[in-house]
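Start counting the sequence shown at 68; every next residue gets the next number (my numbering).
Glycine is no exception: its CB is placed at the ideal position from the N, C-alpha and C atoms.
The model shown is predicted, which means the values in this text are computed figures rather than measured ones.
Read the structure below first, then the notes.
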Amino acid sequence: MSVDTTTESAPAPKKGTNILLGLTLLGLLLFLWLLLGLSTNAFWTPNNISNLLRQGAMTAILAVGQTFVIITAGIDLSVGAIVGFTSVIVAWLLQAGVPLWLSIILTLLIGVAIGAFHGFGIVRMGLPPFIITLATLTSLRGIGLLITNGSTISISHEGFTNFSRADFLGVPSLFWMVILVAIPAFVFLHLSRWGRYLFAVGSNKEAARLSGVNVDRTIYLAYILSATCAAFVGLLLASRIGIGNATQAEGWELQAIASSVIGGTSLFGAVGSVHGPLLGAFILATINNGANLLNLNSFWQRIITGLLIIVIVYFDQLRRRGSR
């Protein structure tokens, strides 16, 4: 069967539903910003808005990568560990005198290799995504601690560390990195045949295979994209804090999954978008930022996030039952 026929066979996401969800999430985000602006005098200050954009940027990029995997009905629990590990790698390379451009490329290639390893474990070894990515989470933390002897590696390259603290046109450079990732991600997921393949695999692997979709290659691709996004965030984090630390980004995988789910990605697969997880990430960042400004107990941030996930997954289940 030809590739063109395959493209027609793969199910496309419902554009109307995605647009409606996106508008709803945007409305919720604007409502939170308005509410916090009325509740505290510090929210609308330039410094706070800049910090909010920086806080949400890295989670947003992780959420986009995680979305590719979840659409295939998979999960990637390793992204937080990849962030910490790659921050160590780029710090170690720079300390060893490797040129900045080469250090960045090598770090990103490590992300590609980790994603390919996940694909191999799932496709060739038959391991559940939960298990292979959980094993990677644990292993990368350990390897990173071995490299650093349980310490940190300082980064003295001023050009690298100054990047994350700089602004362009009044907007933090980290937020521009979100746009840099989001545009090609949108084109890939919503306008290319490979994006349609992801939805097809998440909907029904066997039906996708019979339609001519290379299911194994699609799974590889999803996990490579997720791990590469995490490696990119590792670079950004190392730039922001000026050190490589294997224990950094602990729990960020849960933030990425939560952002993706809040953004409308179905944990059952075959439903998702790029703009939804981006909005979900900044909704979470706004909740965390607002809780800090209002001096609320940090535990409430986790409770609110958990309740949001329960509500959204519940309505996703209702939607699935209604579509049968």
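Identity of the residues DSSP links to residue i by a beta bridge
i	result
F235	V238
G311	I220
Residue i in three-state terms, based on DSSP
i	result
I222	coil
V338	coil
M244	helix
F98	helix
R191	coil
S333	coil
A148	helix
D143	coil
P344	helix
T107	coil
P251	helix
S278	coil
A323	helix
A316	coil
G164	coil
M68	Here the model assigns M68 a pLDDT of 37, short of 50, so the residue's position is not dependable and the matter cannot be decided.
G182	helix
Environment of residue i [buried if 16+ CB atoms lie within 10 Å]
i	result
L207	buried
L87	exposed
P196	buried
S218	exposed
E320	buried
V191	The residue asked about is misnamed: residue 191 is Arg in this sequence, not Val. Per the 10 Å Cβ criterion, exposed.
G193	exposed
S21	For the chain, the structure presents residues 68 to 391; residue 21 sits outside this window and is missing.
L160	buried
N229	exposed
T372	buried
S365	exposed
T205	exposed
P344	buried
Supposed contact pair residue j and residue i - C-beta distance, whole angstroms, cut 8 Å
i	j	result
I156	I177	6 Å
T153	L302	7 Å
L105	I350	About 18 Å; that fails the 8 Å criterion.
G186	A297	Going by Cβ atoms, the distance from G186 to A297 rounds to 15 Å, so no, they are not a contact pair.
I220	Q162	6 Å
Where the alpha helix (DSSP H) through residue i begins and ends
i	result
D283	282-308
P127	The displayed chain sequence assigns Ala, not Pro, to residue 127. First-last of the alpha helix (DSSP H) with A127: 113-138.
F197	196-215
F266	260-270
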